[in-house]
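At the far end of the sequence shown sits residue 368, using the working numbering, and the numbering has no gaps. Step one of this worksheet: look at the structure below.
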Amino acid sequence: MNTTQGVLAVITARGGSKGLLRKNIIPLNGLPLIAWTVRAALAARCVERVVVSTENEEIADAAKEAGAEVPFMRPQALATDTASSVDVMMHALDVLPRYDQAVLLQPTSPFRTAADLDNGYKLWQATPDAGGCVSVCKATESPWLMFDADRSGRLARILPLPSGSLRRQDLPKVLVLNGAFYFIDVKRFRKEKKLVFNDSLGFEIPLERSHDIDTLEEFIAAEKFAQQTEMTGRK
Numbered sequence: 134m135n136t137t138q139g140v141l142a143v144i145t146a147r148g149g150s151k152g153l154l155r156k157n158i159i160p161l162n163g164l165p166l167i168a169w170t171v172r173a174a175l176a177a178r179c180v181e182r183v184v185v186s187t188e189n190e191e192i193a194d195a196a197k198e199a200g201a202e203v204p205f206m207r208p209q210a211l212a213t214d215t216a217s218s219v220d221v222m223m224h225a226l227d228v229l230p231r232y233d234q235a236v237l238l239q240p241t242s243p244f245r246t247a248a249d250l251d252n253g254y255k256l257w258q259a260t261p262d263a264g265g266c267v268s269v270c271k272a273t274e275s276p277w278l279m280f281d282a283d284r285s286g287r288l289a290r291i292l293p294l295p296s297g298s299l300r301r302q303d304l305p306k307v308l309v310l311n312g313a314f315y316f317i318d319v320k321r322f323r324k325e326k327k328l329v330f331n332d333s334l335g336f337e338i339p340l341e342r343s344h345d346i347d348t349l350e351e352f353i354a355a356e357k358f359a360q361q362t363e364m365t366g367r368k
């Protein structure tokens with residue numbers, strides 16, 4: 134089987150969202166939510182093909198209207214609350230097997246840009262032995278300020294303070310996944326069945342653009358951010 138070195142972008146968007154109904158096609162600053170991700174992927178130089186995995190015809194129509202391909206419909210078994218992103222990605226790669234590199238994108242992270250994708254990919258390609266590159270942002274809470282409690286309510290610090298100081302500004306910077314993108318080596322992904330490998334690189338996206346929309350409150354915050362920053366998803 135012939136393969137290509139171009140990156141396959143797979144946008145995962147199911148129709149049965151619970152927290153915010155029809156969230157993947159709800160208009161964000163005048164543009165369907167999924168269109169923000171489609172257009173960023175189409176504008177990224179590193180991406181060769183943009184496809185959407187969905188079981189929902191309405192989402193499929195919105196994705197195609199934005200410029201993405203929908204070359205298959207996702208099986209209902211992979212559109213449940215228990216279906217994992219790994220399973221969905223594996224299905225897409227089985228249907229479209231001619232790619233050595235891929236990136237999973239979620240419509241619920243609308244403020245990742247084409248430049249983010251290209252720069253994350255460039256970082257990955259500069260470290261050829263890494264299995265992938267994933268987007269991260271600065272954590273809003275520090276694990277050094279977190280506690281566990283026993284049955285009697287006594288607190289135990291999860292991590293010992295590195296310097297004995299409680300000053301937040303003295304604590305090490307901590308990064309968390311923000312869900313905006315997951316670049317993967319397809320061969321590694323098939324073998325390990327995970328999106329983040331032990332040697333994956335992290336590409337930091339500013340916290341203010343690291344929105345993850347799953348609830349009405351999160352959507353309202355994203356809408357406000359888009360309006361304040363005049364982001365439109367059209368570039």
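C-beta atoms are modelled at their ideal positions from N, C-alpha and C, and glycine is treated no differently.
Assuming residue i and residue j are in contact, meaning their beta carbons sit under 8 Å apart, how far apart are those beta carbons, in whole angstroms?
i: C266; j: W257; result: 4 Å
i: A355; j: P208; result: Wrong, their Cβ atoms sit about 30 Å apart, outside the cutoff.
i: V180; j: L250; result: 7 Å
i: I317; j: A235; result: 6 Å
i: N162; j: A146; result: Not confirmed; about 18 Å, so no contact.
i: L237; j: T170; result: Actually they do not touch by this definition, with Cβ atoms about 11 Å apart.
i: A173; j: R245; result: 6 Å
Enumerate in chain order the residues of its own chain whose CB-to-CB distance from residue i is below 8 Å, with the five nearest sequence positions on each side excluded.
i: L310; result: V267, S268, V269 and V329
i: P204; result: V184, V228 and L229
i: A193; result: V185, T187, V203 and M206
i: R300; result: none
i: R155; result: G148 and E191
i: L292; result: P276, W277 and M279
Using a Cβ-Cβ cut-off of 6 Å (strictly less than) and excluding sequence neighbours within five positions of residue i, which residues of its own chain qualify?
i: V219; result: K326
i: M134; result: Low per-residue confidence applies at M134: pLDDT is 42, beneath 50, and the placement is therefore not dependable enough to give any value.
i: L294; result: W277
Taking the alpha carbon of residue i as the point to measure from, which residue in the options has its own alpha carbon closest?
i: S333; options: Y254, D281 and N162; result: Y254
i: L166; options: P240, Y315, K357 and G149; result: P240
i: R182; options: K306, R284, A201 and M279; result: A201
i: L340; options: G149, G312, W169 and I353; result: G312
i: P261; options: Q302, S275, R321 and A248; result: R321
i: A216; options: T246, S150 and R245; result: S150
i: G275; options: A248, A359, G264 and D303; result: The sequence shown places Ser at residue 275, rather than the Gly named in the question. The residue with the shortest Cα to Cα distance from S275 is D303.
i: A259; options: P160, N189 and G335; result: G335
i: G264; options: R323, K357, A196 and R284; result: R323
i: K271; options: M223, A212, R342 and L292; result: R342
i: D233; options: E337, V319 and E350; result: V319
i: I159; options: R178, A195 and G139; result: A195
Measuring only the C-alpha atoms, how far is residue i from residue j?
i: L141; j: G286; result: 50 Å
i: D281; j: A176; result: 45 Å
i: T348; j: D214; result: 16 Å
i: E198; j: L288; result: 54 Å
i: I346; j: R290; result: 31 Å
i: V361; j: A248; result: Strictly speaking, residue 361 in this sequence is Gln, with Val absent from that position. Straight-line Cα distance between these residues: approximately 20 Å.
i: M364; j: Y315; result: 23 Å
i: L153; j: E350; result: 9 Å
i: H344; j: R231; result: 32 Å
i: N252; j: A168; result: 21 Å
i: R178; j: G139; result: 10 Å
i: F358; j: N189; result: 28 Å
Across which residues does DSSP place residue i in a beta bridge pair?
i: A144; result: Looking at the sequence shown, residue 144 is not Ala but Ile. BP columns for I144 point to V185 and L238.
i: D283; result: The partner list for D283 (beta bridge, DSSP) is empty, contrary to what the question assumes.
i: T160; result: Correcting the residue type first, residue 160 is Pro in the shown sequence and not Thr. P165, per the DSSP bridge assignment.
i: E202; result: V184
i: L288; result: A282
Tell me which same chain residues have a C-beta within less than 7 Å of the C-beta of residue i, skipping the five on either side of it?
i: V307; result: A272, S275 and P276
i: L211; result: D220, V221 and H224
i: E337; result: V269, C270 and L308
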